[in-house]
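Numbering (the numbering used here), first residue to last: 657 to 992.
Taking it in order: structure first as structure tokens, then the write-up.
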Amino acid sequence: MSLAVDFGVTLTQHVLSRQSRFPEARGQFSALLTQIGVAGKLIAAQVRRAGLIEIWGATGETNVQGETVQKLDRIANDTFIDVLRRSGCVAAMASEEEHEVIEVPPETAGGYVVAFDPLDGSSNIDANVSIGTIFAIYQRRSEDEVLRSDVLRPGREQVGAGYIIYGPSTVLVYTDGQTVDLFTLDPSCGEFFLTRENIKMPARSKLLSLNESNEPYWPAWTRPYVDHVKSRNDAEKRRVSSRHIGSLVADFHRNLLMGGIFLYPADARTNVGKLRVLYECNPLAFIAEVAGGAASFGQGRILDIEPKGLHDRTGLFIGPAADVAEIEEFIRRYSA
Ligand code: F6P
């Protein structure tokens, strides 16, 4: 009789068991996801200790996006790059915090390219609100050299994507393009265990996530759309509620599990939108689509955007497919 407690399936076991979905797989995708899990654990450890070891607050620098760099932003960025650089799985990376593509020396380069946002929602760091790392995985194109086009490519070419949220618990969600699966870090043994498999987004939204303070800059359709959603409520019943954290990754995660639509339109202030195509929109759009949802920039799929620059931005509407279609309909109606 075995006296071992059954903790369940670890991230590595799960990824390896799914490898048979891809006959051409040689184990490197599994190794990469395991290493991303390792980076997540290292970042989670730093986030947990942030208040104790005085790594709250800003570094005093601004990043390539013109935003204040928080100390934890820098720590998460350097940790993710260091772990992936040594993984043997990656040929190049692109980070929201870096100006240029980060190349891995040919001796240690692997078959994948990863674009990532090391710490999304970092304006929330000092308030102990959930933040997270978002990543997109592509297959490297050429064996000989890494080109900018290895990174500047539409999101539909992703072979994997995911995020790690540092919240009340640390969770890792990833998709291999077939299912969306969720793992929770057991801090007592430092291992991610599978806690939800094949997540599907609820068919309609109960939650509305957007920053309403941007209303003065909104395009014409946004106010009527928001009013339309709110009009589902009446004295008898509240059918929709506002939920907005201001950490995209945490807003998306809640909406994925509970059914919610997230909007960040391109407005008169941001002009092209605020959220980054490569590091935020593409990976979350890939996950949304695999979970049965949708992601649009207003006139089409996020995953069909052909990025011109590493730090391109876009409007983002992401959630249940029916809600995203309704937004596109409002946009059409108001721009006709
Ligand atoms: O892109 C970073 C980010 O912090 C997202 O996580 C979040 O959704 C968004 O910016 C919040 O922007 P704003 O403060 O303009 O609502």
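Every residue, glycine too, gets a C-beta built ideally from N, C-alpha and C.
Counted within 10 angstroms of its Cβ, other Cβ atoms place residue i as buried (16 or more) or exposed
i	result
CYS745	buried
ASN889	exposed
GLU868	exposed
ASP907	buried
THR878	buried
ARG969	buried
THR617	The chain is shown from 657 up to 992; residue 617 falls before or after that span and cannot be answered.
ASN609	Residue 609 falls outside the range modelled here, since the chain spans only 657 to 992, and no answer is possible.
ASP806	buried
ALA765	buried
ASP662	exposed
Spatially closest choice to residue i from the options, by CA coordinates
i	options	result
ALA732	SER751, SER743 and ALA747	SER751
PHE953	ILE974, GLN675, TYR935 and GLY916	ILE974
HIS670	ILE958, PRO858 and GLU847	GLU847
ILE987	GLN726, TRP874, GLU936 and ALA891	TRP874
ASP800	ILE958, ILE855 and GLU763	GLU763
Contact under 8 angstroms by Cβ, residue i with residue j
i	j	result
LEU864	SER898	yes
GLY818	GLN684	no
GLU853	THR835	yes
ASP979	SER861	yes
GLY956	ALA977	no
SER778	LEU688	no
GLU919	LEU866	Correcting the residue type first, residue 919 is Leu in the shown sequence and not Glu. Result yes, Cβ atoms of LEU919 and LEU866 sit closer than 8 angstroms.
GLY971	ALA922	yes
SER903	GLY788	yes
VAL905	ILE821	yes
PRO774	ASP837	no
LEU850	GLY664	yes
GLU945	LEU934	no
beta-carbon residue i near the ligand NAD non-hydrogen atom, thresh 7 angstroms
i	result
LEU904	For the structure depicted, the ligand NAD is absent and the ligand set comprises only the ligand F6P.
Integer-rounded CB distance, given that residue j should sit under 8 angstroms from residue i
i	j	result
PHE839	LEU667	5 angstroms
ILE983	TYR881	6 angstroms
VAL802	ALA747	5 angstroms
GLN691	VAL739	6 angstroms
Notebook entry, point to check: What runs of the alpha helix (DSSP H), each 4 residues or longer, lie entirely inside the segment 698-766?
Noted result: Unbroken alpha helix (DSSP H) runs of no fewer than 4 residues, entirely contained in the segment 698-766, are found at 727-741, following chain order.
Notebook entry, point to check: Which runs of the beta strand (DSSP E) fall wholly inside the segment 948-985 and span at least 3 residues, in chain order?
Noted result: 949-952 and 972-976
Checklist line | Ranges of the beta strand (DSSP E) found wholly within the segment 771-841, counting only runs of at least 3 | finding: Correct list: 787-795, 816-822 and 826-831.
Note to self: Could you tell me which whole alpha helix (DSSP H) segments of length 4 or greater appear in the segment 869-914?
What the structure shows: 878-886 and 904-914
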